[in-house]
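Colleague:
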Amino acid sequence: MTHHQPKIETSPKVSDEVRKTTCYMCACRCGINVHMKDGKVAYIEGNRDHPVNRGVLCAKGSAGIMQHNAPSRLRAPMKRVGPRGSGEFEEISWDEALKIATGWLAPLRAEAPEKLAFFTGRDQSQSFTSYWAQNFGTPNYAAHGGFCSVNMAAAGIYTMGGAFWEFGQPDWDHTKLFMIFGVAEDHDSNPIKMGIGKIKARGAKVIGVNPIRSGYNAVADDWVGITPGTDGLFILSLVHELLRAGRIDLDYLARYTNAPVLVNMDPESPEHGLLMRDEDGKTLVIDRKTGKLTPFDQKGVQPDLSASYRHGGVTHKPVMHLIAERYMDSQYAPEAVAGRCGISADKIRTIAAELARVAFDEEIVLDQEWTDFRGETHKQMKGRPVAFHAMRGISAHSNGFQTCRALHMLQILLGSVEVPGGFRFKPPYPKPVSAHPKPHSAVTPDKPLDGPHLGFVQGPDDLALKDDGSPVRIDKAFTWENPMSAHGLMHMVISNAHAGDPYKIDTLFMYMANMSWNSSMNTRGVIDMLTDKDENGEHVIPHIIYSDAYSSEMVAYADLILPDTTYLERHDCISLLDRPICEADAAADAIRWPVVEPDRDVRGFQSALCDLGARLGLPGFVNADGSQKYADYADYITNHERKPGIGPLAGWRKGETGPSHGRGAPNPEQLDRYIENGGFFVKHIPDAASYYKPWNMAYQDWAVELGIFDSPQPYIFDLYVEPLRRFQLAAEGHGERQPPDHLRERIRETLDPLPIWYPPFEDGGIDTEEFPVHALTQRPMAMYHSWGSQNAWLRQIHGHNPLYLPTGLWEANGFADGDWARVTSAHGEITVPVAHMAALNENTVWTWNAIGKRKGAWALDKDAPEATKGFLLNHLIHELLPAKGDGLRWANSDPITGQAAWFDLRVKIEKVAAPTESQPGLPPIHSPVGQGPDHLEWKVGK
Amino acid sequence: MTQLPDRTEKKLGLVIDLDTCVGCHACVVSCKGWNTENYGAPLSDQDPYGSAPTGTFLNRVHSYEVQPEQGTAQLIHFPKSCLHCEDAPCVTVCPTGASYKRVEDGIVLVNETDCIGCGLCAWACPYGARELDAAEGVMKKCTLCVDRIYNENLPEEDRVPACVRTCPAGARHFGDLGDPDSDVSQLVEARGGVDLMPEQGTKPVNKYLPPRPKDQMDRPAAQPEGDIDVLAPFLKPVAEEPKGFIGWLDKALEKL
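Sequence lines, in order, name chains A and B. No gaps in the numbering here: position 926 of the first sequence is 1101 in my numbering, and each next residue is one more. No gaps in the numbering here: position 103 of the second sequence is 214 in my numbering, and each next residue is one more.
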């Protein structure tokens, strides 16, 4: 047949309209263009103007159309009619649902507000939900940070007034060496992929530290396949090498950190280990010019890193001395740590040398004048082009806080934070820990809580303890067990409420948290706790209210369901008061708005809370006459003021003479302005303010102007974290507030004011010879939490999850393709399909997270591979450490922040005959929404 | 059975950077979304919520492990779609003329109204790049987003294939590989871009950029592979002991 070419239409109409909003297929919050045809969603792509994603979009984002139309969407409010866990519900009206909720909650508020535990999972409206909880008056509120990455956030904020991900980013335009530790491939996923692409195009190098070589680690130029839980030891060995070689940034350390601040060295003193301060509480240094003692921040002061000071018979040494003494010790020598880390001593030395070479020999300089907080003007901005990033891989361990601290110390010793080529903060960070609220927990029936729930303690006085020393909060946050639990401990709520430790509750109210499945440690145990009844035949947790948009596993365990909308049907604000989307060069916030209206009887959860808050008469949610204050969440976003002139959104407020950004009165047209601008607001940071932000007066003044601070807040980085020392002092017997005796030793050992490494707690509680293998999960780039399984397109990419085994284990056990293994931990066992992976730490096995599904959930067929071959490692992980015989319940959490220690898990592996399905197999739950269709040809346009 | 044109005016195609592709599948799903809604029949899915979901995709990412004889194993992510071959066996095998290669740009397309769904083209393609849509019974394949790249209803910067526009890592590039001065040809030249399975004689237009040498830190410093920096030697100590360090510190501070 001869060549024949038909004429085709190469300029078809793309869509009727493009509506620009914010993605919610993961927590990345990219801007999206939603193409509409005939009033329906036809296609979703990235928004090129958006500061987060600049037009690109990941697999999840592009699959949003399948999420929006998922058959698992809930249809209406429901009340439980079968036994808890059966999934049997009756659809009811919103009025009835909210009356039921009010009937349960109003008496609690009047008598014992703490009997409501309100925990929101992957909530992106925490400044709103916490405000609601605060007005209710319960101390028991948090979101999911405690089981996610609070170690990362808290270590960063305590050390340097900011942290990775939402609080900062590498300087992608200038960095020459990028080193990533334990980065899950979902967090900040598009910006990191864009950044890696950008620096690789420039020829810059990437070093990936991760037991598993997938994703970012697969494209890293060098891979460090570290043994899980030893990152801190590896980092401290790098520090050891840098100190021995004097390859640290002394000028930076003297000017911008507390390395020169003097420490009380008298072991007899009640102030032993505390920093020397003047009457105003300012820390003191020796000025190199005068040799005299002076507050660190005085004009013209040049702090001395070396000089000691003796006063009243007490020697005071600068923090730098303590750092040198500790980390130059041979226990941190590469040879001493190599075996435990699974990295050769030569490789540790090579990496230390490369970090130093790039930081100091490839120094970069920007010709940009700036003035520091001591009044000194610098002609240039000097940069150390080494950037780090880290995520849950290093933080989800019981030594995670100190490991994250160690990494920040490494960054700071190299002088690579807030300098060109290094790590940069994003507004509202940098923000000194002292500018954050402290936790509040004073409960008065019928009244709001005395302040925000979550915050940053400075010492024992700030703990949330009752007069008898028992915890105020159900999750035991801000107690001696985990004093700096800045995000709460969501993973302990159900366990503690069931145990009545520290007390019983009445109502558990949760949002977007799949606690009866992948969001809990000890899934089977949590299911039993949720369904357990007392001797009177009543549920131990009497009432459970749950809000979700989808038929998740958790729905079956609630008594009352408040159905949420999809992300394309709702208002939201990605607020500077909350978890913002700023970039290092700009402040930014964003909205979601209903690009389509719901086709069913569902409501945005936050709008439902506005209604429920009014029904309960919560002060922040009613007018003076008792009427409902906010008609819905959009009304709240527009009109709520946290303080005069400051509201949830910074853009297009009402100034005295016209639109005003940052500060200003509520503007009734604010949401329209956001929609016109593509769903977001950006305000760029002036060039002179773009680096050295914690010390740069141009930045400080800009931040005040925008409303981030009320006054300039310059500060120095805390290599030495004094609040940790205050807890140690208490454990040593000093002060009024004393820890219980069984915690003294642990506090002394772990709450060290300088970074330390200690083995993960699970290693101490089990026989590591019996359980020699580390077991991890990672989330795939093309799925997020549980949501992906209901997505017709994404589940074709990740439909089930084998357990990946390294070559040694694979061969030693004689595994072949298609085989199954029994995986046993000190807590439980699972039987799962296995697969071989060579690019893996030799003592580590892993699987994709949250792909395994319960039969009956997510509108999937009962034979869906997610349910028959998929599995959760959660069955192997307990929220408590193995019993020590002391009768106490020791949380499987970091002892400083309470972060869930998911990745401390150790297992053993045995080859077994293939079962019919992954084990444990749980009975199906009844689907309240039926099952999805048997085919899709999803074309909206004609 | 169906003739290819003697020559094409352009050779539009993709250049895919295997050094940068992180295997995120963004291109896979963006392609699915655009091409379900646009050119020809939608890309259907069978049993989408069931036990064996399958669907039509024009672009898929495969992952391969590479275990060098010595050293560390590597994982390579390998996106694969139609390579718009100059000697496209899928066209010449077509019994109805439904498969054809465009004269103006070299894009290989299927005219769905003439396609009888016989599957010969999929069998002839050595790359497995064509998929028969189970609902419509016609052959589907990458169109290089022919309904985007010339589309006057799109802003000019968006006139690229959906997979290229969405790729977060910037690992996908689009252009005229017939023009030696084009950005994509220059990139292929600079990075040593290669044909996929050249022994098949299909002359693919799409090119792959190979991964750069990895794990240089595992090699002795004196023997780097390829054109990369020779790593600095290990750090030279200024002091072995904290006391010595403090002495060094005093001297170093004097120089500041």
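Each residue gets a CB set at the ideal place from its N, CA and C atoms; glycine is no exception.
If L980 (chain A) and I1084 (chain A) are in contact, beta carbons under 8 Å, what's the gap, nearest whole angstrom?
Modeller: The sequence position of residue 980 (chain A) within the first sequence is 805, counting from 1. The sequence position of residue 1084 (chain A) within the first sequence is 909, counting from 1. Rounded, the Cβ-Cβ distance is 7 Å, consistent with contact.
Colleague: Would you tell me roughly how many angstroms separate the C-alpha atoms of Q845 (chain A) and H746 (chain A), rounded to the nearest one?
Modeller: Residue numbering aside, residue 845 (chain A) sits at position 670 when the first sequence is read from its first letter. Residue numbering aside, residue 746 (chain A) sits at position 571 when the first sequence is read from its first letter. Taking the straight line from one Cα to the other gives about 13 Å.
Colleague: Per DSSP, what kind of secondary structure is W146 (chain A) in: helix, strand or coil?
Modeller: This structure leaves residue 146 (chain A) out entirely; chain A is present only between 176 and 1117.
Colleague: When burial is assigned at 16 or more other CB atoms within 10 Å of the CB, is K804 (chain A) buried or exposed?
Modeller: Sequence index remark: in the first sequence, residue 804 (chain A) carries index 629 (1-based). Flag for K804 (chain A) reads buried.
Colleague: Short check: CB of E220 (chain A) to CB of M956 (chain A), under 8 Å?
Modeller: If you number the first sequence from 1, residue 220 (chain A) lands on position 45. If you number the first sequence from 1, residue 956 (chain A) lands on position 781. Not closer than 8 Å, so no.
Colleague: Just mark E937 (chain A) as buried or exposed, buried being the case when its beta carbon has 16 or more other beta carbons within 10 Å.
Modeller: Here residue 937 (chain A) refers to the residue found at position 762 when the first sequence is read from its first residue. E937 (chain A) is buried by the Cβ-count criterion.
Colleague: To the nearest angstrom, report how far apart D340 (chain B) and G370 (chain A) are at their CA atoms.
Modeller: Here residue 340 (chain B) is taken as the residue at index 229 of the second sequence, counted from 1. Here residue 370 (chain A) is taken as the residue at index 195 of the first sequence, counted from 1. Residue confidence for D340 (chain B) is low, a pLDDT of 46 falling below 50, so the modelled location carries little weight and cannot support an answer.
Colleague: Quick one: what's got a C-beta closer than 6 Å to K606 (chain A)'s C-beta in the same chain, skipping five residues either side?
Modeller: Taking the first residue of the first sequence as 1, we reach residue 606 (chain A) at position 431. These residues qualify, in order along the chain: G336.
Colleague: So which residues of chain B does W1113 (chain A) contact, with C-beta pairs closer than 7 Å?
Modeller: Reading the first sequence from its first residue, position 938 is the one you call residue 1113 (chain A). The contacting residues are T147, P153.
Colleague: Looking at chain B, is there any beta carbon in it that lies within less than 8 Å of the beta carbon of E537 (chain A)?
Modeller: Counting from one through the first sequence, the residue named residue 537 (chain A) turns up at place 362. With 8 Å as the cut-off, E537 (chain A) does not count as an interface residue toward chain B.
Colleague: So, are the CB atoms of V1126 (chain A) and L352 (chain A) less than 8 Å apart?
Modeller: In the structure as shown, chain A begins at 176 and stops at 1117. Residue 1126 (chain A) is therefore absent and cannot be evaluated.
Colleague: Taking just the CA atoms, how far does P755 (chain A) sit from I127 (chain B)?
Modeller: Here the question's residue 127 (chain B) lines up with position 16 in the second sequence. Here the question's residue 755 (chain A) lines up with position 580 in the first sequence. Cα to Cα, the separation comes out at about 34 Å.
Colleague: Can you tell me whether C748 (chain A) is helix, strand or coil according to DSSP?
Modeller: Your numbering for residue 748 (chain A) matches position 573 in the first sequence. Residue state for C748 (chain A) is assigned as strand, using DSSP reduced to three classes.
Colleague: When you compare only the Cα positions, how much space is there between P226 (chain A) and I207 (chain A)?
Modeller: If you number the first sequence from 1, residue 226 (chain A) lands on position 51. If you number the first sequence from 1, residue 207 (chain A) lands on position 32. Distance from the CA atom of P226 (chain A) to the CA atom of I207 (chain A), rounded to whole angstroms, is 11 Å.
Colleague: What in chain A is Cβ-close to W234 (chain B), meaning under 8 Å?
Modeller: On the second sequence, position 123 is the one that residue 234 (chain B) refers to. Those do not exist, as W234 (chain B) stays about 18 Å from chain A at its closest Cβ, beyond 8 Å.
Colleague: Would D193 (chain B) pass as an interface residue toward chain A - the criterion being a Cβ-Cβ separation below 8 Å?
Modeller: Position 82 of the second sequence, counted from the start, is the residue given in the question as residue 193 (chain B). Checking the sequence, you will find Cys at residue 193 (chain B) rather than Asp. Cβ-Cβ to chain A under 8 Å: no for C193 (chain B).
Colleague: I'd like the list of long-range same chain contacts for A571 (chain A), defined as Cβ closer than 6 Å, with 5 residues on each side in sequence excluded.
Modeller: Against the first sequence, residue 571 (chain A) aligns to sequence position 396. Same-chain partners within the cutoff: W1077, F1078.
Colleague: Would you mind giving the Cβ-Cβ distance between V998 (chain A) and L978 (chain A), rounded to the nearest angstrom? I have them listed as a contact below 8 Å.
Modeller: Looking up residue 998 (chain A) in the first sequence gives position 823. Looking up residue 978 (chain A) in the first sequence gives position 803. Indeed they touch by this definition, with Cβ atoms about 7 Å apart.
Colleague: Please report how far the alpha carbon of D378 (chain B) lies from the alpha carbon of L243 (chain B), in whole angstroms.
Modeller: Residue 378 (chain B) cannot be examined here, being either before or after the span of chain B that is shown, 112 to 367.
Colleague: When the cut-off is 8 Å and only beta carbons count, does H496 (chain A) lie next to chain B?
Modeller: Here residue 496 (chain A) corresponds to residue number 321 of the first sequence, with the count starting at 1. Answer yes: the Cβ-Cβ gap between H496 (chain A) and chain B drops below 8 Å somewhere.
Colleague: Would you check if there are 3 or more beta carbon pairs closer than 8 Å linking the segment 116 to 133 of chain B to the segment 205 to 221 of chain B?
Modeller: yes
Colleague: Could you give the distance in angstroms between the alpha-carbon of K622 (chain A) and the alpha-carbon of R790 (chain A)?
Modeller: For this step, residue 622 (chain A) is matched to residue 447 along the first sequence. For this step, residue 790 (chain A) is matched to residue 615 along the first sequence. Rounded to whole angstroms, the gap between the alpha carbons of K622 (chain A) and R790 (chain A) is 15 Å.
Colleague: Quick check: the Cα distance between R912 (chain A) and R900 (chain A), rounded to an integer number of angstroms?
Modeller: The sequence position of residue 912 (chain A) within the first sequence is 737, counting from 1. The sequence position of residue 900 (chain A) within the first sequence is 725, counting from 1. Distance between the alpha carbons of R912 (chain A) and R900 (chain A) is about 14 Å.
Colleague: Within 8 Å (strictly less), CB to CB, does P353 (chain B) reach chain A?
Modeller: Here residue 353 (chain B) is taken as the residue at index 242 of the second sequence, counted from 1. Yes - at least one Cβ of chain A is within 8 Å of the one on P353 (chain B).
Colleague: Since N170 (chain B) meets chain A, which of its residues come closer than 8 Å, beta carbon to beta carbon?
Modeller: To locate residue 170 (chain B), count along the second sequence from 1; it is residue 59. Those do not exist, as N170 (chain B) stays about 11 Å from chain A at its closest Cβ, beyond 8 Å.
Colleague: For Q181 (chain B), which of A:A1013, A:L480, A:V476 has the nearest alpha-carbon?
Modeller: Start at 1 with the first residue of the second sequence, and residue 181 (chain B) comes out as number 70. For Q181 (chain B), the closest alpha carbon among the candidates A:A1013, A:L480, A:V476 is that of A:A1013.
Colleague: Okay, do the segment 1020 to 1035 of chain A and the segment 720 to 739 of chain A touch, 3+ Cβ pairs below 8 Å being the bar?
Modeller: These segments touch.
Colleague: Measuring only the C-alpha atoms, how far is E510 (chain A) from E416 (chain A)?
Modeller: Reading the first sequence from its first residue, position 335 is the one you call residue 510 (chain A). Reading the first sequence from its first residue, position 241 is the one you call residue 416 (chain A). Taking the straight line joining both Cα atoms gives about 11 Å.
Colleague: Contact defined as beta carbons within less than 8 Å: I believe N657 (chain A) pairs with G1073 (chain A). What is the distance between those atoms, to the nearest angstrom?
Modeller: For this step, residue 657 (chain A) is matched to residue 482 along the first sequence. For this step, residue 1073 (chain A) is matched to residue 898 along the first sequence. Right, the Cβ-Cβ distance comes to about 3 Å (below 8 Å), so this counts as a contact.
Colleague: Tell me whether A987 (chain A) is buried or exposed, calling it buried when 16 or more other Cβ atoms sit within 10 Å of its Cβ.
Modeller: Within the first sequence, numbered from 1, the residue matching residue 987 (chain A) stands at position 812. The residue in question, A987 (chain A), is exposed, as its Cβ has fewer than 16 Cβ neighbours within 10 Å.
Colleague: Cβ of Q181 (chain B) less than 8 Å from any chain A Cβ?
Modeller: Indexing the second sequence from 1 puts residue 181 (chain B) at position 70. Not closer than 8 Å to any Cβ of chain A, the Cβ of Q181 (chain B) fails to qualify, so no.
Colleague: In the segment 175 to 252 of chain B, which residue ranges form an unbroken alpha helix (DSSP H) of at least 4 residues, counting only runs that do not cross its ends?
Modeller: 200 to 203, 231 to 235
Colleague: Does any residue of chain A bring its CB to less than 8 Å from the CB of E176 (chain B)?
Modeller: What you label residue 176 (chain B) is simply residue 65 of the second sequence in a count that begins at 1. Answer yes: the Cβ-Cβ gap between E176 (chain B) and chain A drops below 8 Å somewhere.
Colleague: Grouping DSSP H, G and I as helix and E and B as strand, with all else coil, what is L249 (chain A)?
Modeller: As a position in the first sequence, residue 249 (chain A) is number 74, starting the count at 1. Correct three-state label for L249 (chain A): coil.
Colleague: Would you call the segment 277 to 292 of chain A in contact with the segment 676 to 688 of chain A, where contact means no fewer than 3 C-beta pairs closer than 8 Å?
Modeller: yes
Colleague: By the 10 Å Cβ neighbour count, where 16 or more other Cβ atoms means buried, how is L367 (chain B) classified, buried or exposed?
Modeller: Taking the second sequence and counting its residues from 1, one reaches residue 367 (chain B) at position 256. That one is exposed.
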